[in-house]
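What follows is a set of notes on a single structure, which appears directly below.
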Amino acid sequence: MLDFHLDAATGQAPYLQLVQQVKQALRLGWLQPGDKLPTVHEVAASVAINPNTVLRAYRELEREGLAAGRPGQGTFIQRSLSQVSPSAYGTLRRRLERWMVAAREAGLDDDGIMDVVRATMRSASAEETA
Amino acid sequence: MSVEAVGVGRRYGRFWALRDLTLQLPAGSITAVVGPNGAGKTTLLNLLGGLLPPSEGELSVVGQRPGNDPGFLAKVGFVAQDCPLYNEFTAEDLLRFGRQLNPKWDDALARDRLDAANVPLRRRAGRLSGGQKAQVALALAVAKRPEMLVLDEPLASLDPLARREFLQSLMAIAASAEITVVMSSHLVGELARVCDHLVVISGGHVLIAGELDQVVDEHRWVTGPSADMATLPDAVDVVAESQHDRHSRKLVRSPGPLLNPALTVSPADLEDIVLAYLEHVPAREPAPAVVR
Chain A
1 MLDFHLDAAT
11 GQAPYLQLVQ
21 QVKQALRLGW
31 LQPGDKLPTV
41 HEVAASVAIN
51 PNTVLRAYRE
61 LEREGLAAGR
71 PGQGTFIQRS
81 LSQVSPSAYG
91 TLRRRLERWM
101 VAAREAGLDD
111 DGIMDVVRAT
121 MRSASAEETA
Chain B
1 MSVEAVGVGR
11 RYGRFWALRD
21 LTLQLPAGSI
31 TAVVGPNGAG
41 KTTLLNLLGG
51 LLPPSEGELS
61 VVGQRPGNDP
71 GFLAKVGFVA
81 QDCPLYNEFT
91 AEDLLRFGRQ
101 LNPKWDDALA
111 RDRLDAANVP
121 LRRRAGRLSG
131 GQKAQVALAL
141 AVAKRPEMLV
151 LDEPLASLDP
161 LARREFLQSL
171 MAIAASAEIT
181 VVMSSHLVGE
191 LARVCDHLVV
201 ISGGHVLIAG
211 ELDQVVDEHR
221 WVTGPSADMA
231 TLPDAVDVVA
241 ESQHDRHSRK
251 LVRSPGPLLN
261 PALTVSPADL
271 EDIVLAYLEH
281 VPAREPAPAV
291 VR
C-alpha cells in the first residue's frame, strides 16, 4: 500500500503533493492498474491531514482517468503511467547509478550532477527536434 | 452553516476582547483560529462553545444561539486549554461519568479512540503524559457525538510526537463523522495541513477569515522597479512592503493575476501571509485594561 507524506518545504498544495506521489508511484511501477489506494480515513489518520484534501486529490486522479472510485469499496488504480517494463527500468537505473559513481569520483556534488543531467537533457531534445 | 456571526463583540468592563466579528463556517469545515497571545482567540472559542454570551451582535452555532442549555451543550464538544481532567480519576471513571451524563454517549467510539492512542484506561489522569491527557479529553468530547468540536490551543503543551498523534486522532475523527472543528493556535504552520478554513485575529479584530486555499491563492509576493510598483491596480491591497534603492518588494492581496511584465510575481506561503498581517496590526482601542 502506498505511503503518503507531506513536505512543507515544497510550497506545493497538499492535495497536489498526494496526486504527484500517486503519479510517481505509477511511473515507477510501484502501483499497477487494479491496486487499491488507501481509504480517505486511513490517509487522514496516518498523515494527519484534512480528509477533504485527500478527497480532492482522489477526485483529481479520477478526473485524469488514473483512478476510479467503486462505491463501498474504495478507490482503485485504472491505468499505469509507467513507460518501460520493470526490468528495463531496473537496467536503466543500474546504469545511472554507475554513471553517478563516476560523476562523484570526478568531483561533482548533487547540484553539479543535476546541472549535467539538465544540460544534457536540453541539448539531447534540441538535437531531436533539429 | 455551522457558525454564523454578524458584528459579534465581547467586552470585559470597558475592554473589548473581541469586536466586529463577522464570520461564516460551513458544516464539516476544519478551522484554525490563529493569533498571538491575548489576541482574543480564547474569547472567540468561549463564545462558540456557549461559555460566554456575546456583548453585542448575532451569533448562531450549529443552528442555535449558544448558551448554557442542555440541547446546545450536547451538540458542541469543548476542550479547554491544557485539557483539564480530574487528576484523581482514571479514563475508565471519566467514561462512566460521560455515559451517565450524555444520552447520545458512544462508549465504543471513546474506547476505540483511547485504544488507538495507547492510553491506559486504569491509570489516574494525574499520572498520564500530556499527550495522553489530550487524547482522553478529545475522546470524551467526541463520544457525546457532537456536531461541532471546539479545541482551545490543543497542541500548545504537547511535544512534537504527541502533537502529531493528536492531529492523527483528530483527522481520523473528522474523516469518519460529519463534524465541524474549530481549533486555536498561536502558530499556523502545524495547522496548515489539517485545516481548510482560517481565521487570523489580533488585538480583538479579525484580520483574515476565509477558505485556506483561497487565502493562499489571493496573496503573492511582487518584486519590481519602484516606479512600476508604485502603480499597482486599484483592486490590489498591499499587506506588507519593503523599499530598497531601486526596487521594492510587496506582499499583496489581489483577486486576479498581475499582468505588468516588469513585475516578478511569486507565490506566498501561508506562514508569510499570517506573519505579514500580524506585523501590521491596527492599534487597539481603548488601551488594554485588566483582562479576565
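Protein chains in written order, with my numbering: chain A, 1 to 130; chain B, 1 to 292.
Think of the CB as a built atom: it goes at the ideal place given N, C-alpha and C, for glycine as much as any other residue.
Close Cβ partners of residue i (< 7 Å) along its chain, the five nearest in sequence each way excluded
i	result
A:Arg104	none
B:Val188	Ala32, Val34, Leu270, Glu271 and Val274
B:Ser266	Arg220 and Trp221
B:Lys133	Cys83, Leu85 and Ala125
Span separating the alpha-carbon of residue i from that of residue j
i	j	result
B:Ala17	A:Leu28	55 Å
B:Ala137	B:Leu161	17 Å
A:Asn50	A:Val40	9 Å
B:Ala227	B:His247	8 Å
B:Arg96	A:Val54	35 Å
B:Glu285	B:Leu109	Since pLDDT at B:Glu285 reaches only 48, below the 50 mark, its modelled position is unreliable, and no value is offered.
B:Arg122	A:Leu66	48 Å
B:Pro233	B:Glu279	24 Å
B:Met183	B:Ala175	16 Å
B:Gly71	B:Met148	13 Å
B:Gln168	B:Asp196	16 Å
B:Asn102	B:Asp20	35 Å
B:Gly204	B:Arg10	9 Å
B:Ala268	B:Arg249	12 Å
B:Thr223	B:Leu251	9 Å
A:Val43	A:Ala88	32 Å
B:Ser29	B:Val142	16 Å
A:Ser85	A:Leu92	11 Å
A:Arg79	A:Gln32	7 Å
A:Arg94	A:Ser125	23 Å
B:Asn87	A:Leu2	41 Å
Backbone secondary structure at residue i - three-state DSSP
i	result
B:His247	strand
B:Arg299	Since the first residue shown for chain B is 1 and the last is 292, residue 299 of chain B is missing from the structure and cannot be characterised.
B:Glu88	coil
B:Asp228	helix
B:Arg65	coil
A:Ile49	coil
B:Leu207	strand
B:Phe72	helix
B:Val181	strand
B:Leu51	coil
B:Pro261	coil
B:Pro267	strand
Enclosing beta strand (DSSP E) for residue i [first to last residue]
i	result
B:His219	His219 to Pro225
B:Gln24	Phe15 to Leu25
A:Arg125	According to the sequence provided, residue 125 of chain A is Ser. The question's Arg does not apply to it. Not the beta strand (DSSP E): A:Ser125 falls in the alpha helix (DSSP H), residues Asp110 to Thr129.
B:Val3	Val3 to Tyr12
A:Val22	From DSSP, A:Val22 is part of no beta strand (DSSP E) but of the alpha helix (DSSP H) over Pro14 to Arg27.
Any non-hydrogen atom of the ligand ZN closer than 6 Å to residue i Cβ
i	result
A:Gln78	Summarising the ligand content, the structure contains no ligands, and the ligand ZN is consequently not present.
Contact set for residue i: own chain, Cβ-Cβ below 8 Å, skip 5 residues either direction
i	result
B:Lys104	Ala74, Lys144 and Arg145
B:Met171	Val194
Same chain only: Cβ atoms within 6 Å of residue i, ignoring 5 sequence neighbours per side
i	result
B:Phe78	Gly49 and Val150
B:Leu207	Val200 and Tyr277
B:Ser242	Arg249
N-terminal and C-terminal residue of the alpha helix (DSSP H) that residue i is part of
i	result
B:Arg163	Pro160 to Ser176
B:Gly131	Gly130 to Ala143
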